[in-house]
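**Q** Starting off with a structure, shown below.
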Amino acid sequence: MRSLSVIGILVVTSACASPTAPESPVDARVVLALGEIAAVNGASSRIRFLEVVGDSRCPADAFCIQGGDAVVRIDVIPTFGTPSTYDLHTGNPQPVRHDNLTIELVDLSPYPFGSLPLIGPSDDRATLRVTR
210 MRSLSVIGIL
220 VVTSACASPT
230 APESPVDARV
240 VLALGEIAAV
250 NGASSRIRFL
260 EVVGDSRCPA
270 DAFCIQGGDA
280 VVRIDVIPTF
290 GTPSTYDLHT
300 GNPQPVRHDN
310 LTIELVDLSP
320 YPFGSLPLIG
330 PSDDRATLRV
340 TR
C-alpha cells in the first residue's frame, strides 16, 4: 500500500511540473561596423564583425561578366564558451547555423565604384539578419 502512495505522489507531482518554456522567436536585423559587437534581443550570443576577407564584387559603374563576391568574417560569441568564426558571402548568400540561430548576410556596404577612390575598412558596414 505504501508503494502505491509513493507512485501516486510521483504521478501527481510530475503532472504539476511546468513544461520547459519554448524559446522566444528571434528575427533581428543588425548593422555592424568593423570590429563592432552587437547583442541580439532574444539570443544568448553576441555577434562581432571581424573583417572583410576579400571583395571581388563588380564595381557598380563597370560592366562585368560575373557579379563577384565579398566575404564577411564574423564571430558568434556565446555567453559561456569559445567564440565560433564564420564566413558569409555576398555572391552566395547561404546563411550559417550557430546552435539554434540562423545568421545571414543581407548587405555589405559601401558598394564598390571603380571611378571613386578606394574606401577604407573603417567605412565597411555589414547588415546581418539573425533568426530562430
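For the sequence shown, the positions run 210 to 341 when this note's numbering is used.
Note that CB positions come from ideal geometry on N, CA and C, so glycine has one too.
Have a look at Gly244, Gly277, Asp236 and flag the residue whose alpha-carbon is nearest the alpha-carbon of asparagine 301.
**A** Numbered from its first residue, the sequence shown carries residue 301 at position 92. That would be Gly277, whose Cα lies nearest to the Cα of asparagine 301.
**Q** Going by DSSP, what residue range makes up the beta strand (DSSP E) through aspartate 296?
**A** The count along the sequence shown starts at 1 and reaches residue 296 at position 87. Its beta strand (DSSP E) spans residues 293–298.
**Q** Decide if threonine 288 is buried, meaning its Cβ has at least 16 other Cβ atoms within 10 Å, or exposed.
**A** Numbered from 1 along the sequence shown, position 79 holds the residue referred to as residue 288. With fewer than 16 Cβ atoms within 10 Å of its Cβ, threonine 288 is classed as exposed.
**Q** Going by beta carbon distance, what residues of the same chain come within less than 6 Å of arginine 338, once the five residues before and after it are set aside?
**A** Position 129 of the sequence shown, counted from the first residue, corresponds to residue 338. Once the five neighbours on either side are set aside, the close Cβ partners of arginine 338 are Arg238, Glu313, Val315.
**Q** Per DSSP, what kind of secondary structure is serine 318 in: helix, strand or coil?
**A** In the sequence shown, the residue the question calls residue 318 occupies position 109. The answer is strand: DSSP assigns serine 318 an E or B state.
**Q** Count the other C-beta atoms from every protein chain shown that fall within 10 angstroms of the C-beta of valine 281, then say buried if there are 16 or more, exposed otherwise.
**A** Working through the sequence shown from its first residue, we reach residue 281 at position 72. Label assigned to valine 281: buried.
**Q** Which of helix, strand or coil does DSSP assign to aspartate 264?
**A** On the sequence shown, residue 264 is found 55 positions in, with the first residue counted as 1. Looking at aspartate 264 - three-state DSSP - the assignment turns out to be strand.
**Q** What does the alpha-carbon distance come out to for the pair threonine 311 and aspartate 332?
**A** In the sequence shown, the residue the question calls residue 311 occupies position 102. In the sequence shown, the residue the question calls residue 332 occupies position 123. Computed Cα separation, rounded: 26 Å.
**Q** Cα-Cα, which of Phe322, Leu297, Ser324, His307 is closest to threonine 349?
**A** With the chain running from 210 to 341 in the structure shown, residue 349 is simply not present.
**Q** On a CA-only basis, which of Asp308, Gln303, Ala242, Gln275 is nearest serine 293? Give me that one, please.
**A** The residue you call residue 293 lines up with position 84 of the sequence shown. Per the Cα distances, Asp308.
**Q** Can you tell me whether DSSP reads aspartate 236 as helix, strand or coil?
**A** As a working note, residue 236 is residue 27 in the sequence shown. DSSP places aspartate 236 in the strand class (E or B) of the three-state scheme.
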